[in-house]
Amino acid sequence: MKKSLLFLPLGLLFFGCKKDLKESDKPAVQNLNIVTTPIAFDSSDIAPLTTQLTFSTSEAVYMEVSVLGKHGTDTDISYRFDTQDRDHELTVLGLYPDYLNTIALAMINSEGNIIDLDTVQVQTKSELPENLPEITIKTAQKTAMADGLTLISNYGKGMHVPFMIDHHGDIRWYLDYSGHPELNNLFYDCGIERLQNGNMYFGNNNSSHIYEVDMRGEIVNSWPLSGYFFHHNVQDKPNGNLLVTASKSGSLHDNGNGTIEDYVVELDRNGGGIIQEWDLKESLDEYRTVMRDELNESTIDWFHGNAVIYDARDNTIIVSGRTQGLVKLDYNNNVKWILGPHKAWGTDRAGNDLNQYLLTPLDASGNRITDVEVLDGNIPHADFEWNWFQHAPELMPNGHIILFDNGDRREWDNGGKYSRAVEFNIDEEAMTVQQIWSYGQNRGTETFSFIVSDVDYLPKENHVLFAPGCIRDNTSQGRNEGRVIEVDYDTQQVLFEAQFITPPGGFVALHRAERMTIYAD
Numbered sequence: 127m128k129k130s131l132l133f134l135p136l137g138l139l140f141f142g143c144k145k146d147l148k149e150s151d152k153p154a155v156q157n158l159n160i161v162t163t164p165i166a167f168d169s170s171d172i173a174p175l176t177t178q179l180t181f182s183t184s185e186a187v188y189m190e191v192s193v194l195g196k197h198g199t200d201t202d203i204s205y206r207f208d209t210q211d212r213d214h215e216l217t218v219l220g221l222y223p224d225y226l227n228t229i230a231l232a233m234i235n236s237e238g239n240i241i242d243l244d245t246v247q248v249q250t251k252s253e254l255p256e257n258l259p260e261i262t263i264k265t266a267q268k269t270a271m272a273d274g275l276t277l278i279s280n281y282g283k284g285m286h287v288p289f290m291i292d293h294h295g296d297i298r299w300y301l302d303y304s305g306h307p308e309l310n311n312l313f314y315d316c317g318i319e320r321l322q323n324g325n326m327y328f329g330n331n332n333s334s335h336i337y338e339v340d341m342r343g344e345i346v347n348s349w350p351l352s353g354y355f356f357h358h359n360v361q362d363k364p365n366g367n368l369l370v371t372a373s374k375s376g377s378l379h380d381n382g383n384g385t386i387e388d389y390v391v392e393l394d395r396n397g398g399g400i401i402q403e404w405d406l407k408e409s410l411d412e413y414r415t416v417m418r419d420e421l422n423e424s425t426i427d428w429f430h431g432n433a434v435i436y437d438a439r440d441n442t443i444i445v446s447g448r449t450q451g452l453v454k455l456d457y458n459n460n461v462k463w464i465l466g467p468h469k470a471w472g473t474d475r476a477g478n479d480l481n482q483y484l485l486t487p488l489d490a491s492g493n494r495i496t497d498v499e500v501l502d503g504n505i506p507h508a509d510f511e512w513n514w515f516q517h518a519p520e521l522m523p524n525g526h527i528i529l530f531d532n533g534d535r536r537e538w539d540n541g542g543k544y545s546r547a548v549e550f551n552i553d554e555e556a557m558t559v560q561q562i563w564s565y566g567q568n569r570g571t572e573t574f575s576f577i578v579s580d581v582d583y584l585p586k587e588n589h590v591l592f593a594p595g596c597i598r599d600n601t602s603q604g605r606n607e608g609r610v611i612e613v614d615y616d617t618q619q620v621l622f623e624a625q626f627i628t629p630p631g632g633f634v635a636l637h638r639a640e641r642m643t644i645y646a647d
């Protein structure tokens, strides 16, 4: 529905923007009143905290918009559009729910001078979607934190609703597909992330399609996974193609039972077809049951692929199998290495011994750890612990891998109950792995998440985002929680911590979490 609003004069107010001029460089505003039409705004039912402003100006200008924050200028959300024009159609992001939002606008000429300023006010609807979590900010050191908002791939209860919060815990963006004809049963599993072009993307378990949407939630592209079923994770490659963890219709275990969650496919984003398949039953040991035994089930989830990333250094993929470990594969489905406890590895379907691909851990001095008890995962080493039921591997700029070590069944149920963000350095020639850094052990059960969860390295600030997504509540209330914790890599000081408590009857609070600017850079 479109409504028209006239500008409310703002006088000589200046406001900040990430691409803004320095305050000392700004000339006096000329106040030319160059807006020649009423401002029309177009609200979105899918993304109610966005609006689209449409108007014309008497001369071609650049536009800068700023949603003024409730808590001072450090909660303003500002953006300068890079097109100089007379006719403007601006998507404004970062409104508050149930609030009369003030949007400041600056008109900027070719020399970079602000020549006019005005405001428009937008009233947003009062109700957020049902079953969102209860949000509490434990700490937020805004000046030390990485820039941007925190994107939460929320599970909650019922249909999935992703949202972004600022450092005060205010929701500033969300997508509600409850009234959508195609996505009203959205189950995105790992969640939603940003493509290289600035749009968002996700898979839907219930339709087995991959979707690209803009920030107003409108579908830009969608791709079916013909013959396959989406689960968990989709990642874009540098060439724009999409890697997807999947199940395949008719997939059979060697024992004749069906299998799920043991394929990776590559989707051609332009043509829309599947151009590559990795059948993990061919490359790994489908009879390895030391972590989870489902061989007698009619449908066997022996690998439980929960993430895939691309390694451009050698054109390979790295796949996380919750119940097996982390494995690197080439485009011929050959194993390059396996990161995980050495216990009970056998052969692949071709009879190749997989023990030759197991990485040997090193101590802090670079010496090989030879204790079989450590290698098999029965006990930890002072300098090294294996990844247990891991999620969310990520390649760091230095080539190391950081991942979320859930810690479920740690040391075969004899270890402590804690989850970690852990960094590993893998030497592929020597076939060794060294633990470089970790965070979370000292937090114990407070941040122990036996399933889901995320970790991200933030290279600009040298911070780590640690996000346990399902911290179980064993009280009678039964309300689990998730946390998003930003720590300084060098000092491990907590700079930001948010708590997300599920609604009654909810189970997982969040799967993935990201720090990003609401407008794509």
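When we follow the numbering used here, the leftmost residue of the sequence shown carries the number 127, and every step to the right adds one. The beta-carbon is built from N, C-alpha and C at its ideal position, and this holds for glycine as well.
On a CA-only basis, which of the options is nearest residue i? Give me that one, please.
i	options	result
ILE278	THR265, PHE633, GLN619 and GLY595	GLY595
LYS454	ILE426, HIS430 and LEU485	LEU485
PHE574	VAL246, THR558 and ALA593	ALA593
THR558	GLY566, ASP489 and GLU499	ASP489
GLY329	HIS358, ASN504 and GLU511	HIS358
TRP349	ASP531, GLU338 and PRO506	GLU338
ASP614	GLN625, HIS589 and PHE626	HIS589
ASP479	TYR389, GLY492 and TRP463	TRP463
ASP456	ASP405, HIS430 and ASN568	ASP405
ILE663	ASN459, THR250, THR628 and ASP419	Absent from the model: residue 663. The displayed extent of the chain is 127 to 647, so no value can be given.
MET189	SER236, GLY220, LYS196 and LEU221	SER236
GLN516	ASN532, ASN504 and LEU501	ASN532
TYR222	VAL578, ASP273 and HIS294	HIS294
TRP512	ASN493, ASP534 and SER491	ASP534
VAL390	CYS316, HIS306, ASN227 and LEU369	LEU369
With a threshold of 7 angstroms on Cβ separation, who are the neighbours of residue i within its own chain once the five nearest residues in sequence on each side are excluded?
i	result
GLU640	LEU277, GLU319 and ASP582
ALA154	Annotation note: pLDDT 48 at ALA154 (below 50); position unreliable, coordinate value reported separately. Nothing meets the Cβ criterion.
PRO519	ALA433, ILE435, ILE444, SER446, LEU452, ILE527 and LEU529
ALA646	ARG320 and GLY324
ASN367	GLU392, LEU393, ASP394 and ARG395
LEU301	ILE172, ALA173, VAL287, PRO288 and GLY343
ILE411	Here the sequence assigns Asp to residue 411, which means Ile is not the residue at that position. So the qualifying residues of the chain are TRP471, GLY472, THR473, ASP474 and LEU480.
LEU591	VAL581, ASP582, LEU584, VAL610, GLU612, ALA639 and ARG641
GLU408	ASN459, ASP474 and ARG475
VAL346	ASN325, GLU338, VAL339 and ASP340
Can you tell me where the beta strand (DSSP E) holding residue i begins and where it ends?
i	result
LEU465	461–465
LEU368	368–374
GLU185	176–193
VAL613	607–614
VAL498	That residue, VAL498, is in no beta strand (DSSP E); its alpha helix (DSSP H) goes 498–501.
PRO629	Unbroken run through PRO629: none, as it is neither H nor E.
MET642	636–642
ALA470	It is not in any beta strand (DSSP E) - ALA470 carries neither H nor E in the DSSP assignment.
SER204	203–206
TYR354	354–362
SER169	165–169
TYR583	580–584
SER564	558–565
Let me check you understand the geometry: is the CB of residue i closer than 7 angstroms to at least one non-hydrogen atom of the ligand MN?
i	result
ILE495	Among the ligands in the structure shown, none appear at all, so the ligand MN cannot be discussed.
Quick one: what's got a C-beta closer than 8 angstroms to residue i's C-beta in the same chain, skipping five residues either side?
i	result
LEU421	HIS379, ASN381, ASN383, TYR413, THR415 and TRP428
ASN481	HIS468 and TRP471
MET522	ILE528, GLU549, TYR583 and PRO585
ASN665	Nothing about residue 665 can be read from this structure; the chain reaches only from 127 to 647.
GLY195	THR201, ASP202, ILE203 and ASP292
LEU175	LEU219, GLY220, LEU221, TYR222, PRO223, THR250, ILE297, ARG298, TRP299 and TYR300
Only counting the same chain, and skipping five residues up and downstream in sequence, which positions put a Cβ closer than 6 angstroms to that of residue i?
i	result
THR177	PHE167, SER169, VAL218 and VAL248
SER334	LEU351, PHE355 and PHE356
GLY570	TYR544
ASP211	ALA186
ARG536	TRP514
ILE627	PRO259, GLU260, ARG605 and GLU607
ILE263	GLY295 and ALA624
GLN450	PHE429
Between which two residues does the alpha helix (DSSP H) holding residue i run?
i	result
GLU408	406–409
Please give the ranges of any beta strand (DSSP E) in the region 274–312, keeping only runs that are unbroken, at least 3 residues long and fully inside the region. 275–280, 289–291 and 297–300
Check whether the region 393–400 and the region 438–447 are in contact - that is, three or more C-beta pairs closer than 8 angstroms. no
Does the region 523–530 come close enough to the region 542–553 to have 3 or more Cβ pairs within less than 8 angstroms? yes
May I ask you to verify whether the region 225–243 touches the region 602–610, counting CB pairs closer than 8 angstroms and requiring at least 3? no
Could you name each continuous beta strand (DSSP E) segment of 3 residues or more that falls completely within the region 309–333, going from the start of the chain to the end? As far as the region 309–333 is concerned, its whole beta strand (DSSP E) runs of at least 3 residues are 326–330.
Please go through the region 217–251 and give each complete beta strand (DSSP E) segment of 3 or more residues, from N-terminal end onward. 226–234 and 240–249
Taking the runs of the alpha helix (DSSP H) that are 4 residues or longer, which of them lie wholly in the region 375–459? 406–409
Take every Cβ of the region 625–637, pair it with every Cβ of the region 255–263, and state whether three or more of those distances are shorter than 8 angstroms. yes
What ranges does the beta strand (DSSP E) occupy inside the region 509–534, keeping only unbroken runs of at least 3 residues that lie completely in it? 517–521 and 527–531
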